[in-house]
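Please read the structure below before turning to the comments.
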């Protein structure tokens, strides 16, 4: 599960950066907390690493936006698929996330004491459902990663470079502004395709 959450964390952060508004930002913060909790004590400083020193040309920024938009479509489908897997096991997403946060923090979800609220206690039945859902999610993890990689590469960019630019843009305000501007232009150019219905 650790690798699964780390993968989702980095990808959701990319999506929050390139286009999504408040809801995506909240999702990014929630998901990003999970892998960071997994790190050993004393590694919290890694969250504030200096921005990678990379040069991104206008053309490469355009390619990055193309790749990000394609990856976003894959992510949206994957998100629905993962929610379906969780719900098929009889859990809602909120409960799954609550159990996941507890396990990522190294806590025992059942019978948590130590000042935790009663509503954070997870039943044995819920834990079984969580473990079953997690196994199913791990099975599709590789497929989702491959789909994202293929989408990025089909847009003309290597996945490693895509990740480098996304990490840099999270800390480089100028690069982030450039990418967001190009993303808005691209999205705006697609919207006029929806013509209003004629009078009759």
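Residue numbers (the working numbering): 17 to 216. We put the beta carbon where it would ideally sit given N, CA and C, even for glycine.
A straight-line Cα-Cα distance of about 28 Å links residue 194 and residue 160. By the Cβ rule, the stretch 164 to 171 counts as touching the stretch 83 to 90, because three or more pairs are nearer than 8 Å.
If you draw a 10 Å sphere on the C-beta of residue 141, you find fewer than 16 other C-beta atoms in it, and that means exposed. Residue 105 is a Cβ neighbour of residue 149, given a cutoff of 7 Å. In the structure shown, the three-state DSSP call for residue 191 is helix.
Closest in C-alpha terms to residue 75, from the list 205, 203, 204, 198, comes 198.
In the structure shown, residue 118 adopts helical secondary structure according to DSSP, grouped into three states. With fewer than 16 other beta carbons inside 10 angstroms of its own, residue 187 counts as exposed.
For a cut-off of 8 Å, the C-beta gap from residue 109 to residue 115 is around 11 Å, too long to register as a contact. Within the model, the alpha-carbon separation for residue 91 versus residue 120 is close to 23 Å. The Cβ atoms of residue 81 and residue 202 sit closer than 7 Å to each other. Residue state for residue 87 is assigned as helix, using DSSP reduced to three classes.
Contact between residue 156 and residue 117 is absent: CB atoms are separated by about 21 Å, not below the 8 Å threshold.
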